[in-house]
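J.: Below you will find the structure I want to go over with you.
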């Protein structure tokens, strides 16, 4: 029997509500949730005084870069960053090299994740090579446990092919997630098309490039009855369309990235590529709409879109630098910092834990109530802790965070993954 672990003195917050309780763990499972538990003499005791004890966070949208771009990230380093951010499960996006579009590459990533500090679920590509020409072997990948498919990095441009993919996905009971961007309308764009792109003389990506595909895929969800998840929604009109689709009862879900609820395109005034991301940072009215969508339920989840790049790539001239920013270690603090005055801590945890777990098909082990018999995947959060983001101290192999030097409030104190304390007092244990 594994050594007992007790998380002591915290406020337990999960989908069933809140209560003061200690949490005892043994053999990877929660064994007791009671006030004033008395640990055994050899138990590991984690202090949760002043903290929230919640189900581990779940990220729907993580780029782990392996295989193929290990200089930016590896599965191991990305999972360690996830654990430091309070995550006990991440969904690895398929735009690797080679892409995750076959049973062989799915197995490779699952094997790499087997010893990681968080569960690594795999998102398979919708089309072979993510080229949008023909369907990848969805059924074969689904047989290995893949529950979410996407060509993220690009959207599936061919509406007829997307319809076929949705019909196929419906029979497999899996979710198709879309990077919503009409590529021809976005071609050549480097940032959001608006006042700041005009001031800076930088080619813009119009909001309509995203919104056209949001409209199309909601229409396809209506036509096929299949589940559609919309990745990193960033415009006010997109949020409104998702809200209307839900009111209609369509099987549509959507996520927002942390940077889209707090940063605007004005950040690009200095041409710093660290703020270059796809979809781009939008204007203030879009940011307000994303925040409102998270508050009113139009948007289901906060997902990091953790996109590591080597320093030399992000130091390239603005038009040559790749889009993307890391986020696993800052997402929780950004969400708490930006939404604490709008949403309860339980509502914020829902956006970061149990709702994404449901969308990803991971709710058997993640995001569930903290109760005896459930998997011991927990994060312990000090909501009042303040800290300054220091890229040099991050576990990710890349440093491209837009929050470098910023003071944030709210930090992970401990993370427990399958009963093992993989983060103690903010320090990774492996």
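In my numbering, the protein residues as written are 938 to 1367. We put the beta carbon where it would ideally sit given N, CA and C, even for glycine. What you are looking at is a predicted structure, and each value in this text was computed from that prediction instead of being measured.
Could you name the residues that DSSP lists as bridge partners for residue 1354?
T.: According to DSSP, residue 1354 bridges with 1357.
J.: Given a threshold of 16 other Cβ atoms within 10 Å of its Cβ, counted over all protein chains shown, does residue 1334 qualify as buried or as exposed?
T.: Buried: at least 16 other Cβ atoms inside 10 Å.
J.: Which partner residues does residue 1196 have in the DSSP bridge list?
T.: Beta-bridge pairing links residue 1196 to no other residue.
J.: One question on the structure: do residue 964 and residue 1356 come within less than 8 Å of each other, judged by their Cβ atoms?
T.: Result yes, Cβ atoms of residue 964 and residue 1356 sit closer than 8 Å.
J.: Which of the three DSSP states is assigned to residue 1368 in this structure?
T.: Residue 1368 lies beyond the stretch modelled for the chain, which goes from 938 to 1367, so this question has no answer here.
J.: Identify whether residue 1037 lies in helix, strand or coil by the three-state DSSP scheme.
T.: Note: residue 1037 maps to coil in three-state DSSP.
J.: Taking the beta strand (DSSP E) that residue 1029 falls in, what are its first and last residues?
T.: Per DSSP, residue 1029 belongs to the beta strand (DSSP E) from 1024-1029.
J.: Would you tell me roughly how many angstroms separate the C-alpha atoms of residue 1347 and residue 1320, rounded to the nearest one?
T.: In a straight line, the C-alpha of residue 1347 is about 4 Å away from that of residue 1320.
J.: Decide if residue 1230 is buried, meaning its Cβ has at least 16 other Cβ atoms within 10 Å, or exposed.
T.: Buried.
J.: Since residue 1061 contacts residue 1078 with CB under 8 Å, what's their CB separation in whole angstroms?
T.: Right, their Cβ atoms sit about 4 Å apart.
J.: Pick out whichever of 1303, 1337, 1280 and 1220 has its Cα sitting closest to the Cα of residue 1259.
T.: The shortest C-alpha separation from residue 1259 is found at 1337.
J.: Output needed for residue 1015: all residues of its chain with C-beta closer than 6 Å, excluding positions within five of it in sequence on either side, in chain order.
T.: Same-chain partners within the cutoff: 1001.
J.: Could you say which of 1053, 996, 993 and 984 lies nearest to residue 1012 if we only look at CA atoms?
T.: It is 1053 whose Cα lies nearest to the Cα of residue 1012.
J.: Report all residues from its chain with a CB closer than 7 Å to the CB of residue 1176; omit the five preceding and five following residues, and keep chain order.
T.: Taken in chain order, the residues that qualify are 1170, 1226, 1227, 1230, 1235 and 1236.
J.: Between residue 950 and residue 1285, what straight-line distance do the alpha-carbon atoms span, to the nearest angstrom?
T.: Distance between the alpha carbons of residue 950 and residue 1285: 11 Å.
J.: Does residue 978 pass the burial test, meaning 16 or more other C-beta atoms within 10 Å, or should it be called exposed?
T.: Result: exposed.
J.: Let me confirm a value: residue 1312 is counted as buried when at least 16 other C-beta atoms fall within 10 Å, else exposed. Which label applies?
T.: It counts as buried.
J.: Taking Cβ to Cβ, would you say residue 1143 is nearer than 8 Å to residue 1163?
T.: For residue 1143 and residue 1163, no; Cβs fall outside 8 Å.
J.: With a threshold of 8 Å, are at least 3 pairs of Cβ atoms found where one atom belongs to the stretch 1019-1033 and the other to the stretch 1262-1279?
T.: Touching, yes, given that three or more Cβ pairs across the two stretches are closer than 8 Å.
J.: From what residue to what residue does the beta strand (DSSP E) around residue 1015 run?
T.: Segment 1012-1021 is the alpha helix (DSSP H) holding residue 1015; no beta strand (DSSP E) there.
J.: Near residue 957, which residues of its chain fall below 7 Å by C-beta distance, leaving aside the five closest residues on each side in sequence?
T.: So the qualifying residues of the chain are 948 and 972.
J.: If residue 1359 and residue 1342 are in contact, beta carbons under 8 Å, what's the gap, nearest whole angstrom?
T.: About 27 Å; that fails the 8 Å criterion.
J.: Does any residue of chain D have a CB that is nearer than 8 Å to the CB of residue 1294?
T.: Included in the structure is just one protein chain, with no chain D present.
J.: Residue 1305 and residue 992 - do their beta-carbons sit closer together than 8 Å?
T.: Contact: yes.
J.: Look up residue 992 in the DSSP assignment and give the residues it is bridged to.
T.: Paired residues: 1315.
J.: Does the stretch 1069-1083 touch the stretch 1126-1134, meaning 3 or more C-beta pairs lie closer than 8 Å?
T.: No, the stretch 1126-1134 is not in contact with the stretch 1069-1083.
J.: Measure how close the beta-carbons of residue 1280 and residue 1232 come, nearest whole angstrom, since I'm counting them as under 8 Å.
T.: That pair is a contact at about 6 Å.
J.: Tell me the DSSP secondary structure of residue 1320 in three-state form.
T.: Strand at residue 1320.
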